[in-house]
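2 protein chains.
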Amino acid sequence: MRESELLAHIYDRSKALPGSFAEVVVGPGDDCAVLRSASGDLTLLSVDQLIEGRHFEPGTPTDRIAYKALARSISDLAAMGGEPTAALAAAALPDSFRDADALFDAMHMVAADFACPLVGGDIARTTGPLSLTVTVVGSPHTERGPVLRSDARAGDAVFVTGRLGGSLTSGRHLSFSPRLAEGGWLCDTLGDRLGAMIDLSDGLGRDAGRIALASGVAIELDASLIPRHPDVTDALAAVSDGEDYELCFTARGEVPTRCPQTGTVITRVGWVVTGSGCTLRLDSGQTQDASELGWEHG
Amino acid sequence: MRESELLAHIYDRSKALPGSFAEVVVGPGDDCAVLRSASGDLTLLSVDQLIEGRHFEPGTPTDRIAYKALARSISDLAAMGGEPTAALAAAALPDSFRDADALFDAMHMVAADFACPLVGGDIARTTGPLSLTVTVVGSPHTERGPVLRSDARAGDAVFVTGRLGGSLTSGRHLSFSPRLAEGGWLCDTLGDRLGAMIDLSDGLGRDAGRIALASGVAIELDASLIPRHPDVTDALAAVSDGEDYELCFTARGEVPTRCPQTGTVITRVGWVVTGSGCTLRLDSGQTQDASELGWEHG
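Shown next as structure tokens:
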């Protein structure tokens, strides 16, 4: 069973839960879950695993492993327009692994740099590969509230931050900056004009397809508009390569072309229309299903 | 490096964090972390891993794996006197694993039974053993607040819920009840007379030693008082076997001998005195260091 099918299955189950869990504002199926506390404060929560041989190659420096483990989970907070509060890290360490001390030092340093202190954890030995499971806790933008995948409307334009493609081959997947500042700034600047948002882990085609599905709309991407890294020659690769960890969002009205605090470019890459699915219009004028481009994590 | 050393290392690092993280009330080193929200609400957080071949044997029924994964993490909430709000589950699945669907169904059912809905997750394929990492979110007792490991005082008596020993050999480690009701009732009944509390994952000797260390006191356990399961003939085994998931707590003044809601027995097993360490007084009158009895998870 593929991750997308499993997640759909989990999501279906969660909808069947009794309504007595009043604290759960958003359950499975978005970048973060959203809980409401007794006084009404909203908390964002997300968990991600980083597994050797799957998400990083053996021999990757310890500090890069620590960085990616935290940055991936923090990117889920950025995708909701949120800010980090704290993190918990669970590590499964092979018996042969000798750098546990350095790994945890690096995780603490990275976490502190993200203003996301490690407040708990668990360590176990494993006969399998090294794995780090990071749970992040955050808070949504105070005025805008959590930015969901399900708030795209027909007529919205579709945007991405930064440039796409070649993350794995270039090594950028080990050093990307989660778009926290950009996500917060979009909430500040666009407010309710900001529609849906997601972070790009599995490729623009697949992830924009998730917005379309969650929002009950269709998304049309234009290959000629996709901003590519200089080492990515092919628009199709930029749409299908995973692990960009840029933000994809929809919005109505004017959207600045650059985030003033960070200089990150903002590029319109398509439109939201009525219907379903996510298509990519190629330079040839042909269109193809984009939601099956890219890859499944896991 | 052993887990206890690593956790001490992590704890030391966390103390060096700048004081700007005002939301963190309790960091690493207790059963749960405690965060404070903008309005002052307290949230409990804990994460635990369950790894095939380490925490359960290959061939264990899927529903028991799901049960233990959730129950272990929820036991950490019980150890703070808290209640569950929600959980996140990360699963690393071997390519050969065919029961993902049944596993997640079971996790949702167990989570719902604990009133702790699964609100998020992550699924990845692994070349290693099946592992489930469960993060739980909860709230502390409204009046008593979080029950820490560090609040034992010389003069307190030391108690345990239920009976100890033989959890792994009997299979009880796959079916134990986290002592949520008992933890909440202790907060209700004892209030500020309730001192420190921990759940027994690594054996009474080792875990009571953690209370002693965190509280800056010594604990003296009396082997003749330890309540054993009928299949456990040896007091030393009851003190050193892990995975009881009973509560160990300290208290001043009168303590009931049974939790009225659940019938769980409460037994005094020792005393808190000035000094450091945790000793076990044997029937022979000899004492031995109890904090190195039991085993290290991981």
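Residue numbers (the numbering used here), protein chains in the order written: chain A, 1 to 298; chain B, 1 to 298. Yeah, the Cβ is synthetic: ideal placement off N, Cα and C, and Gly gets one too. Note that the coordinates shown come from a computational prediction; the quantities given were computed from them, not determined experimentally.
Within 10 angstroms of the Cβ of residue i, are there 16 or more other Cβ atoms? Answer buried if so, exposed if not.
{"i": "Gln49 (chain B)", "result": "buried"}
{"i": "Arg206 (chain B)", "result": "buried"}
{"i": "Asp31 (chain A)", "result": "buried"}
{"i": "Gly285 (chain A)", "result": "exposed"}
{"i": "Gly253 (chain A)", "result": "exposed"}
{"i": "Asp76 (chain B)", "result": "buried"}
{"i": "Ser167 (chain A)", "result": "buried"}
{"i": "Ser96 (chain A)", "result": "exposed"}
{"i": "Ala22 (chain B)", "result": "Bear in mind that the predicted position of Ala22 (chain B) carries a pLDDT of just 47, short of 50, making it unreliable; the figure below should be weighed with that in mind. Exposed, by the Cβ-count rule."}
{"i": "Gly275 (chain A)", "result": "exposed"}
{"i": "Ser240 (chain A)", "result": "buried"}
{"i": "Pro260 (chain A)", "result": "exposed"}
{"i": "Gly183 (chain B)", "result": "buried"}
{"i": "Glu246 (chain A)", "result": "buried"}
{"i": "Thr169 (chain A)", "result": "exposed"}
{"i": "Glu220 (chain B)", "result": "buried"}
{"i": "Thr127 (chain A)", "result": "exposed"}
{"i": "Thr43 (chain A)", "result": "buried"}
{"i": "Ser39 (chain B)", "result": "exposed"}
{"i": "Glu143 (chain A)", "result": "exposed"}
{"i": "Arg179 (chain B)", "result": "buried"}
{"i": "Glu57 (chain A)", "result": "exposed"}
{"i": "Ser73 (chain A)", "result": "buried"}
{"i": "Cys278 (chain B)", "result": "buried"}
{"i": "Gly263 (chain B)", "result": "exposed"}
{"i": "Ser224 (chain B)", "result": "exposed"}
{"i": "Ser215 (chain A)", "result": "buried"}
{"i": "Gly298 (chain A)", "result": "Because Gly298 (chain A) carries a pLDDT of 46, less than 50, the predicted location of this residue cannot be relied on, and no value is offered for it."}
{"i": "Ala102 (chain A)", "result": "exposed"}
{"i": "Gly171 (chain B)", "result": "exposed"}
Which of the three DSSP states is assigned to residue i in this structure?
{"i": "Ser46 (chain A)", "result": "strand"}
{"i": "Thr311 (chain B)", "result": "Any question about residue 311 (chain B) goes unanswered here, given that chain B covers just 1 to 298."}
{"i": "Asp241 (chain B)", "result": "coil"}
{"i": "Phe104 (chain A)", "result": "helix"}
{"i": "Gly184 (chain B)", "result": "helix"}
{"i": "Leu88 (chain B)", "result": "strand"}
{"i": "Asp113 (chain A)", "result": "helix"}
{"i": "Leu148 (chain B)", "result": "coil"}
{"i": "Asp192 (chain A)", "result": "helix"}
Along the alpha helix (DSSP H) that carries residue i, what are the first and last residues, could you check?
{"i": "Asp76 (chain B)", "result": "Thr62 to Ala78"}
{"i": "Arg258 (chain A)", "result": "It is not in any alpha helix (DSSP H) - Arg258 (chain A) carries neither H nor E in the DSSP assignment."}
{"i": "Ile211 (chain B)", "result": "Leu204 to Ser215"}
{"i": "Leu282 (chain B)", "result": "That residue, Leu282 (chain B), is in no alpha helix (DSSP H); it is neither H nor E in DSSP."}
{"i": "Thr169 (chain B)", "result": "Ser167 to Ser170"}
Can you tell me where the beta strand (DSSP E) with residue i in it begins and where it stops?
{"i": "Asp95 (chain A)", "result": "Element bounds for Asp95 (chain A): n/a, residue is neither H nor E."}
{"i": "Leu221 (chain B)", "result": "Ala218 to Asp222"}
{"i": "Val34 (chain A)", "result": "Ala33 to Arg36"}
{"i": "Ile123 (chain B)", "result": "Leu118 to Thr126"}
{"i": "Val25 (chain B)", "result": "Val24 to Val26"}
Which residues does DSSP list as the beta-bridge partners of residue i?
{"i": "Gly275 (chain A)", "result": "Answer is none; Gly275 (chain A) lacks a bridge partner."}
{"i": "Cys248 (chain B)", "result": "B:Val160 and B:Ile198"}
{"i": "Ile266 (chain B)", "result": "B:Thr161"}
{"i": "Leu132 (chain B)", "result": "B:Leu50 and B:Ala91"}
{"i": "Val137 (chain B)", "result": "B:Leu45 and B:Ala86"}
{"i": "Asp289 (chain A)", "result": "A:Thr279"}
{"i": "Phe56 (chain A)", "result": "A:Glu52"}
{"i": "Asp231 (chain B)", "result": "DSSP output for Asp231 (chain B) lists no bridge partner at all."}
{"i": "Asp30 (chain B)", "result": "B:Pro28"}
Could you tell me which chain C residues have their CB closer than 8 Å to the CB of residue i, listed as they occur along the chain?
{"i": "Ala86 (chain A)", "result": "No chain C is present in this structure, whose protein chains are A and B."}
Q | the segment 36 to 61 of chain A: positions lying closer than 8 Å to chain B by Cβ | A | Across the segment 36 to 61 of chain A, CB contacts with chain B closer than 8 Å involve Ser37, Ala38, Ser39, Gly40, Asp41, Thr43, Leu45, Ser46, Val47, Asp48, Gln49, Ile51, Gly53, Arg54 and His55, in sequence order along the chain.
Q. Between the segment 101 to 126 of chain B and chain A, which residues of the former have a C-beta closer than 8 Å to a C-beta of the latter?
A. Under the 8 Å Cβ criterion, the segment 101 to 126 of chain B contributes Asp101, Phe104, Asp105, His108, Ala112, Ala115, Pro117, Leu118, Val119, Gly120, Gly121, Asp122, Ile123, Ala124, Arg125 and Thr126.
Q. Closer than 8 Å, Cβ to any Cβ of chain B: which residues of the segment 61 to 75 of chain A, in chain order?
A. Under the 8 Å Cβ criterion, the segment 61 to 75 of chain A contributes no residue.
Q. What residues in the segment 146 to 162 of chain B bring their beta carbon closer than 9 Å to a beta carbon of chain A?
A. Within the segment 146 to 162 of chain B, no residue has a Cβ lying closer than 9 Å to any Cβ of chain A.
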